[in-house]
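See structure below.
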Amino acid sequence: LDQAVVVVTRAAEQAASLVAALEARGARTLEVPLITIVDDAEGMRTLRAAIAAEPRPDAVVVTSPNGARCLVGAGGVASGSTPPVYVVGPGTQAALEAAGGPRPAGVATDHRGEGVVALLGQGPGHAVVAQGDLARATVVDGLRAAGWDVTPVVVYRTQSRRPAPEVMDRALAADVVTLA
13 LDQAVVVVTR AAEQAASLVA ALEARGARTL EVPLITIVDD AEGMRTLRAA
63 IAAEPRPDAV VVTSPNGARC LVGAGGVASG STPPVYVVGP GTQAALEAAG
113 GPRPAGVATD HRGEGVVALL GQGPGHAVVA QGDLARATVV DGLRAAGWDV
163 TPVVVYRTQS RRPAPEVMDR ALAADVVTLA
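Using my numbering, the letters of the sequence shown map in sequence onto residues 13 to 192.
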């Protein structure tokens, strides 16, 4: 990658680690975010209410680092009063803990929705799933198939961004474009 120009299309708030890794390998980077992540205010309120409802859920499932950030931002986690939180992979665990959330009760070793479904296993139980608007149905459908009562909550939305023409010209002239 020495001196290659690499376009990073991740959301601006999520590009830093990829940019740092590329630059450490000698690449010159150009950040051209093609999406932005926006908290869903109604979803955040719904999440807070679902977690506080009686009887309390048996599990809160977080499917992404953005979901972890939203869980903490919604005020859905409070020391000692939060139902057990289960996450999809160590990246989501790190985001949850970095945002001030609790240590998860379980982290899926398979870093996909299927992994967290296997982690929770057979119901019965009630799970609240904090996810984005583009999340696959894997977690919700998988938990329901395993006998869980599931409350899915969209806590953030992914919106497309269109770069300015001059930025697009620079991106099209690059050596590599990442879509991660």
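Beta carbons: idealized from backbone N, C-alpha and C, even for Gly. All values reported here derive from a predicted model rather than from experimental measurement.
Cβ atoms of residue j and residue i: under 7 Å apart, would you say?
| i | j | result |
| --- | --- | --- |
| V162 | V152 | yes |
| A27 | E43 | yes |
| D70 | H138 | yes |
| Q143 | A158 | no |
| L108 | V129 | no |
| E126 | T150 | yes |
| I119 | Q105 | The amino acid occupying residue 119 in the given sequence is Val; Ile does not appear at that position. Going by C-beta atoms, V119 is nearer than 7 Å to Q105. |
Which class does residue i belong to by DSSP, given the choice of helix, strand or coil?
| i | result |
| --- | --- |
| D51 | strand |
| A147 | coil |
| Q4 | In the structure as shown, the chain starts at 13 and stops at 192, and residue 4 therefore has no counterpart that could be examined. |
| E126 | helix |
| L13 | coil |
| R178 | Checking the sequence, you will find Glu at residue 178 rather than Arg. Helix at E178. |
| D70 | coil |
| S29 | helix |
| T94 | coil |
| P77 | helix |
Quick check on the burial criterion: 16 or more other C-beta atoms within 10 angstroms. Buried or exposed for residue i?
| i | result |
| --- | --- |
| P77 | buried |
| A147 | buried |
| A80 | buried |
| R115 | exposed |
| M56 | buried |
| P177 | exposed |
| T121 | exposed |
Report all residues from its chain with a CB closer than 7 Å to the CB of residue i; omit the five preceding and five following residues, and keep chain order.
| i | result |
| --- | --- |
| Q15 | G38, R40 |
| A61 | none |
| Q171 | I47, T48, V50 |
Using 8 Å for Cβ pairs, my map puts residue i next to residue j. What's the rounded Cβ distance?
| i | j | result |
| --- | --- | --- |
| A86 | V167 | 7 Å |
| R169 | P45 | That belief does not hold up - the Cβ atoms of R169 and P45 are roughly 15 Å apart, past 8 Å. |
| V89 | V74 | That belief does not hold up - the Cβ atoms of V89 and V74 are roughly 10 Å apart, past 8 Å. |
| T190 | V72 | Not quite, the Cβ-Cβ distance comes to about 32 Å (not below 8 Å), so this is no contact. |
| L59 | A192 | Actually they do not touch by this definition, with Cβ atoms about 26 Å apart. |
Keeping to the same chain, check which residues put their C-beta closer than 6 Å to that of residue i; ignore five residues upstream and five downstream.
| i | result |
| --- | --- |
| D145 | V166, R169 |
| A23 | P45, I47, T48, I49 |
Is residue i near the ligand ADP, going by C-beta to nearest heavy atom under 6 Å?
| i | result |
| --- | --- |
| A28 | This structure lacks the ligand ADP; in fact it carries no ligand of any kind. |
Between residue i and the rest of its own chain, which residues show a CB-CB distance below 8 Å, the 5 nearest in sequence each way excluded?
| i | result |
| --- | --- |
| A183 | V19, L42, V44, P175, V189 |
| E35 | T41 |
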